[in-house]
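Novice: Counting from 484, one number per residue, gives the positions in the sequence shown under our numbering.
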Amino acid sequence: MLFKLFSHVTLTHARGLVMIVSAYEILAKSGLGRFETEMAAARKLYDHFIYSLTKTALKCTSRASNSFSRCDPVNHKLGETYEMFTELLQGHLELESDMNERMSCSQNCAHYTTAEAMHCFSPTQQICGTQKRCHGTLRDCQ
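In structure tokens form, the structure reads like this:
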């Protein structure tokens, strides 16, 4: 029970850190500043909180009854005892001709702040035929 509480609190604060850093990165991408100091301060505050939380959790678990202890299996199995996060943050290569209805290459990257992969002109000869298709929105072309 204590481990579950510790896990929930830790995960909630990790999500908060991700949201804060993401917000600063969006502001930086918008040209409103670099925000490196603010992001570093947020990470430092998070590290300090997790350190304090871990010390407190260790103190509590040493005094707690072991009748509700966490029991890990000897052999972990994907899908049964753990899950794997994939494709959480990713980059994607896409040809300009595959991101517009006219299949043209007349713009530059700044034109595509948001876009979608609309089609794949030649799947056997282009990169779009060899990689997993993006079904979402492509953002921040570089």
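Positions of the beta carbon are idealized from the N, C-alpha and C atoms, including for glycine.
Cα separation between residue 546 and residue 492?
Specialist: Sequence index remark: in the sequence shown, residue 546 carries index 63 (1-based). Sequence index remark: in the sequence shown, residue 492 carries index 9 (1-based). Going by the C-alpha atoms only, they are around 20 angstroms apart.
Novice: Could you check if residue 507 is buried or exposed, using at least 16 other CB atoms within 10 Å of its CB as the buried criterion?
Specialist: Within the sequence shown, numbered from 1, the residue matching residue 507 stands at position 24. By the neighbour-count rule (16 or more Cβ atoms within 10 Å), residue 507 is buried.
Novice: Could you give the distance in angstroms between the alpha-carbon of residue 593 and the alpha-carbon of residue 510?
Specialist: For the purposes of this step, residue 593 is identified with residue 110 of the sequence shown, where counting begins at 1. For the purposes of this step, residue 510 is identified with residue 27 of the sequence shown, where counting begins at 1. The straight-line gap from Cα to Cα measures roughly 17 angstroms.
Novice: Does the CB of residue 538 have a neighbour CB from chain D at under 7 angstroms?
Specialist: Judged by its chain identifiers, the structure shown contains no chain D, having just a single protein chain.
Novice: Under three-state DSSP, which class holds residue 585?
Specialist: For this step, residue 585 is matched to residue 102 along the sequence shown. Coil at residue 585, not helix or strand.
Novice: Quick check on residue 586: buried or exposed, where buried means 16 or more other Cβ atoms within 10 Å of its Cβ?
Specialist: On the sequence shown, position 103 is the one that residue 586 refers to. Exposed, because fewer than 16 other Cβ atoms sit within 10 Å of the Cβ of residue 586.
Novice: Whole angstroms are fine: how far does the CA of residue 487 sit from the CA of residue 582?
Specialist: Residue 582 sits at position 99 when you count from the first residue of the sequence shown. Residue 487 sits at position 4 when you count from the first residue of the sequence shown. Cα to Cα, the separation comes out at about 45 angstroms.
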